[in-house]
Amino acid sequence: MSEPQQKHWPDRAPNILVPTTILCVLSTLVLAWRISYTIRCSRKLSLSDCLMTIAAILSIVATGVRYRTCFHGQGRHIMDPSIRKPYDILQYSYYLWIGQTINIIAVAILKYSICSYLLLMRFSRVYLAIVWASILMVTTLNFVLPVMGMFCRTPFEANWNKSVKSKCFMTPNETITYTQGVSNCVTDLVYIAAPIVYLSTLQLRKRAKWRLRIVFCLGSIATACSIAKTIEMSALKKTRDPTWEGSNLNIWSACELSVGVLVASLPPLGKPIDSMLDRILPSSFLVTDPDNCPYNNGLPMFSISKQFTIGSKPTRERTRSKNYNDRDNDKYILKEAQQPEKDEIIRTISHGVCIDEHPGTQIADRIHKDHD
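According to full-length UniProt numbering, the stretch in the sequence shown is residues 1 to 372, in order.
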């Protein structure tokens, strides 16, 4: 006697689309806040801002592709009669391949954006070397190798259509998968730990320090998503029901990208976040340190507003704040009427005050002005 036909087939598409779409929208809004705040403060957009914007756009595109993937079977069992074979399976494989490729590129660009932001900080040479090493690691293990794995088969259709006989110059295996996962975790930990260590060397208010520590520690959420994605990726290679079993991998991949964009957009929003905390939290909780610290609201960064030409000045010039006035400079020692012209040279000679044997006799300081 034949088994009774199953009448109800579960569908996990809502479980995939709802949380990933919410995270994508939230991360996009936070990034838009960051960009608008930067422009409102009359600052030029940095390389980090531009790269982050590209990563967010790719995240939106990947979300749209995810809807097509779910429409063709993602989240349902492969034996579900609503899946038309082989049409839906081929379309599912095609859009899944596109989504994975976009996700790989977007995550790499996101990490480049974080690195470009870290390079603006006044790190020591050791920390700068670590950041540059992470850039090399991201380029090799998280961009070049995965992209080669996505395009390693000929003819081109064989990259997503497994029924096509193909030749492959590179066979992705579990070693490469785990290497990519470990690389993601290592680079994420570098991006979390380096700024936190850097904060200990700055004179910041306690509230600002804790706010920045919390923001950078939120990056551990993206690390957790990366670990979960690596586990799901290795388990998916042994399944016979990829449309159902691959749902978790799709969720974790989307969360890794969206959470990364969201968390990486927060550090430049120090002042507006502090203003929000002032309105939400009680005043007794916010009373901390006096405002005599040189960097009260954020991290000191290298100036990116000045344009330099090759050979003129170092491109990473350490600059002082606009409100800083050096009153010991010759510019302030001389009165405005005594300011030199372009063809004049100032020579300042300092003399100490000497007391002669005869009381009341002193040698005054002199300032000599020579003309060409």
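Think of the CB as a built atom: it goes at the ideal place given N, C-alpha and C, for glycine as much as any other residue.
Apart from the five residues just before and just after residue 10, which ones in its own chain have a Cβ nearer than 6 Å to its Cβ?
A distance below 6 Å between beta-carbons, with the five flanking residues on each side excluded, links residue 10 to no residue of its chain.
Label residue 203 either buried or exposed according to how many other C-beta atoms from any shown protein chain fall within 10 Å of its C-beta, with 16 as the threshold for buried.
exposed
Output the distance between the C-alpha atoms of residue 217 and residue 198, rounded to the nearest integer angstrom.
If you take the alpha carbons of residue 217 and residue 198, they lie about 14 Å apart.
Between which two residues does the alpha helix (DSSP H) harbouring residue 187 extend?
174-199
Can you list, in chain order, the residues of its chain whose CB lies under 6 Å from that of residue 54, leaving out five sequence neighbours each side?
Cβ neighbours of residue 54 beyond the five flanking positions: 109.
DSSP beta-bridge partners of residue 11
76
Tell me the residue span of the alpha helix (DSSP H) that contains residue 152.
No alpha helix (DSSP H) contains residue 152, which DSSP labels as neither H nor E.
Which residues in the same chain as residue 91 place their Cβ atom closer than 7 Å to its Cβ, once the five residues preceding and following it in sequence are excluded?
Once the five neighbours on either side are set aside, the close Cβ partners of residue 91 are 72.
With 16 as the cutoff for other CB atoms within 10 Å, does residue 132 come out buried or exposed?
exposed
Per DSSP, residue 168 forms a beta bridge with which residues?
Answer is 153.
Rounded C-alpha distance that separates residue 138 from residue 147
12 Å
Secondary structure at residue 19, three-state DSSP: helix, strand or coil?
In the structure shown, residue 19 sits in a helix (DSSP, three-state: H, G or I).
Tell me where the alpha helix (DSSP H) around residue 158 begins and ends.
Where residue 158 is concerned, there is no enclosing alpha helix (DSSP H), given that its DSSP letter is neither H nor E.
Limits of the unbroken alpha helix (DSSP H) element including residue 420
Not covered by the structure: residue 420. The range shown for the chain is 1 to 372.
Which class does residue 24 belong to by DSSP, given the choice of helix, strand or coil?
helix
Is the beta carbon of residue 145 sitting closer than 8 Å to the one on residue 180?
yes
Endpoints, alpha helix (DSSP H) assigned at residue 83
Careful: residue 83 lies outside any alpha helix (DSSP H) and carries neither H nor E.
Specify whether the region 59-72 and the region 96-111 touch according to this definition: at least 3 beta carbon pairs, one from each stretch, less than 8 Å apart.
yes
So, helix, strand or coil for residue 270, using DSSP?
helix
Which whole-angstrom value describes the C-beta separation of residue 236 and residue 249, a residue pair presumed to lie in contact below a C-beta threshold of 8 Å?
6 Å
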